[in-house]
Amino acid sequence: MRIGVKIVAAVLFVAVCAGAAGIATDDPMIEFNQDTYEEIVVEYGEPAPVHEISAVYRSRVLHRSGVPLAVKIEQPDYSAPGAYEVRYSASYKKLAAEGSYTLRVVDTTPPELTVDEDTLAYSSFDSVDGDLTDRVVVTDEGERIVFSVADSSGNQSEKTVLRDLTPPVITLGQGLLDFTCFDETDGDLSSEVRLHESGGILYYEVSDSHGNAATASRKVAGNGRVVYLTFDDGPGPYTAELLDTLAQYGVKATFFVVGRSEHLDLLPRIKAEGHSIAAHTYSHNYAKVYASVDSYFDDLELVQQKIEEQVGERTVMVRFPGGSSNTVSRQYTPGIMTQLARLLNERGLVYFDWNVSAADASTQATTASVLGNVKNGILKQDVAVVLQHDVKDFSVAAVEEILRWGQANGFVFLPLTPESTAPHHHIAN
Ligand code: ZN
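Add 635 to a position in the sequence shown, counting from 1, and you land on the number used in our numbering.
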């Protein structure tokens, strides 16, 4: 309670003669008691202290001990801080007296100020001024942020939030997947670290909850293998099953899709589950696709439209039917692969060949042959870009064992990005 009652002058006499001749000789007077005040101070919102003012009528002759009188007090409406005059009066017959004191209503209570340390959202409320959120002053001092606000009586509130400026620390161990990440504020962030590969370097990136970022990197060579599983010609009837398997192992892959597929409705799921979507072609018809440079780009435009319809964006990653080294295209347009490779680059598109083939297009191919080809191929590469087809059930059937084997050996499976190592075959047309 902040009621302060200040007794400035304890005694106040006011006497007024009535002016009647007979009474004047008697020297009568009205006397107020000593509990009167010149000023009372009260905190805003608190009730004013109750105090008694009493008065007596006294005269030398008849009423030496005094006649108690009723005192009339006019309480002002003091609904805001300020000084109010409180008037009181008493009368006896024709004799009247009055007095007053000041009731000072003050606001010494600072506004409430609340700041959320994580979101830095703030609000302020004052008992007199109401919502002061708009008057909060935020001062960014780098390592700390100071919030301050003052009410109309000059009462101040201040809060300081220390800013987390310390980035997490990524510690790399022996294998590519052997790393930890710890943040002073957030604790263990190891599971938040994102990996990507470019130019044979594996990058580890993380941000803490306050946006402090950390990066670590190292050469893939000598520390393990990065494996990009890529699937062409789908989505197909086995793609959903393949997605289940990839999800089970927490692995992201890349799908070079064909626009005329009847399973394009799987593209949103593919994207949602973190895989990369890339363009193979719309028709996959060599005679059409390689009929001319324009037919290639017309066909590519069609598959891009299909992809955009499904996932809301196009891709900059493409793969040629037959790869960039195909010679089939020569029978339709001599030199077209050389031109297309250059034109794709000019258009900001990136083409990917592969350096590990499952050879699952062969009529003799089996799950076992796929497995053998993929394992042997991966072991020859620091960064392996594996070609499989998700329209082949026996090839999809090999994926689980590839993942189990790869993870047991500490290989890093990643989805392709435009920056990833893109093995290019020797262009032969
Ligand atoms: Zn293909």
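Cβ atoms here follow ideal geometry from the backbone N, Cα and C, with glycine treated the same way.
Spatially closest choice to residue i from the options, by CA coordinates
i	options	result
A914	Y863, G846, V953 and F932	V953
G970	N1064, F932 and F1048	N1064
Y727	G765, I665, D753 and V741	I665
L697	L978, V781, R722 and D662	D662
H1061	A882, F817, M972 and E776	M972
S714	G680, A926, E1035 and S724	G680
A848	G808, G857, L800 and K887	L800
F932	Q974, H910, N858 and L730	Q974
H1059	A705, E943 and N990	N990
Y692	A725, G717 and P682	A725
E707	R977, A690 and V928	The question names Glu, yet the displayed sequence has Lys at residue 707. The shortest C-alpha separation from K707 is found at A690.
V861	L881, I836, S788 and D879	I836
T744	G717, T774, V1021 and S792	S792
P684	V740, S700 and K729	V740
D934	V963, P903, R965 and V892	V892
G701	F667, P682 and E1035	F667
A924	V1018, N961 and D764	The residue asked about is misnamed: residue 924 is Val in this sequence, not Ala. Comparing Cα-Cα distances from V924 to each of V1018, N961 and D764, the minimum goes to N961.
D766	P746, L755, R779 and V750	P746
A856	S896, K1015 and L1051	K1015
K1027	A1019, V1020 and S1004	S1004
H1006	E1036, D988, V1018 and F987	A small fix is needed here, since residue 1006 is Leu in this sequence, not His. Nearest of E1036, D988, V1018 and F987 to L1006, Cα basis: E1036.
F589	E678, A1057 and E687	No information on residue 589 is available, as it lies outside the stretch 636 to 1064 that the chain covers here.
E752	T820, A731 and K729	T820
Own chain residues within Cβ distance below 8 Å of residue i, not counting five before or after
i	result
V951	G983, L984, V985 and P1053
D1025	F866, D867, D868, G869, P870, G871, Y873, T874, L877, F890 and V1031
R1039	Y884
S735	E720, V721, R722 and Y723
F814	I805, T806, L807, G808, S825, V828, Y839 and A851
L978	V928 and F932
H711	The question names His, but residue 711 is Pro in the sequence shown. Taken in chain order, the residues that qualify are Y719, E720, V721 and L738.
V1034	L864, L877, T880, L881 and Q1023
S788	P716, V741, D742, T743 and V763
E778	L797, R798 and L800
Helix, strand or coil at residue i according to DSSP, with G and I counted as helix
i	result
A922	helix
R779	strand
I942	helix
T880	helix
K1010	helix
G657	Caution is warranted here: a pLDDT of 39 is assigned to G657, below 50, making its placement in the model unreliable, and no coordinate value can be reported.
G1041	helix
I688	coil
V892	strand
P682	coil
Y931	helix
Q791	strand
F1046	coil
K707	strand
D1028	helix
A1057	coil
L978	helix
I1062	coil
V771	coil
R1068	Within the shown structure, residues of the chain are numbered from 636 to 1064, placing residue 1068 beyond reach of any answer.
V886	coil
Cβ neighbours of residue i in the same chain (closer than 7 Å, five flanking residues each side left out)
i	result
V1001	Before going on, a small fix: residue 1001 reads as Thr here, not Val. Cβ within range, chain order: F1029.
S1055	E832, S833 and Y863
K854	G835 and I836
G654	For G654, the pLDDT reaches just 38, beneath the cut-off of 50, and the residue's location in the model is therefore unreliable, although a value from the coordinates is still provided. There are no such residues.
L1049	L830, H831, E832, V861, Y863 and K887
Within-9 Å CB hit, residue i to chain D
i	result
E1035	Given the protein chain composition of this structure (a single chain), no chain D is represented.
Short Cβ contact (9 Å threshold) for residue i with residue j
i	j	result
D843	L830	no
Y600	S852	Outside the displayed span of the chain (636 to 1064) sits residue 600, for which this structure offers no information.
V1009	A996	no
V771	S783	yes
G947	Y917	no
S759	L748	yes
Q940	D900	no
G909	V1047	no
A1045	G810	It is Gly, not Ala, that sits at residue 1045 in the sequence shown. Closer than 9 Å, so yes.
Y921	G958	no
Q1042	V886	yes
D786	D742	yes
K623	V750	Coverage of the chain is limited to positions 636 through 1064, which leaves residue 623 absent and any answer about it impossible.
S911	L1051	yes
Check: residue i C-beta below 8 Å from any heavy atom of ligand 3
i	result
V991	As presented, the structure is devoid of ligand 3, carrying ligand 1 as its sole ligands.
Cβ-based neighbour list, residue i, same chain, cut-off 6 Å, excluding 5 preceding and 5 following
i	result
E709	R722
A926	Y967
E943	R949
V773	F782
Go through the stretch 797-868 residue by residue and report every complete run of the beta strand (DSSP E) that reaches 3 residues or more, in order. 804-807, 814-818, 829-833, 836-842, 848-854 and 861-867
Runs of alpha helix (DSSP H) wholly within the stretch 728-764 (minimum 4 residues, chain order): none
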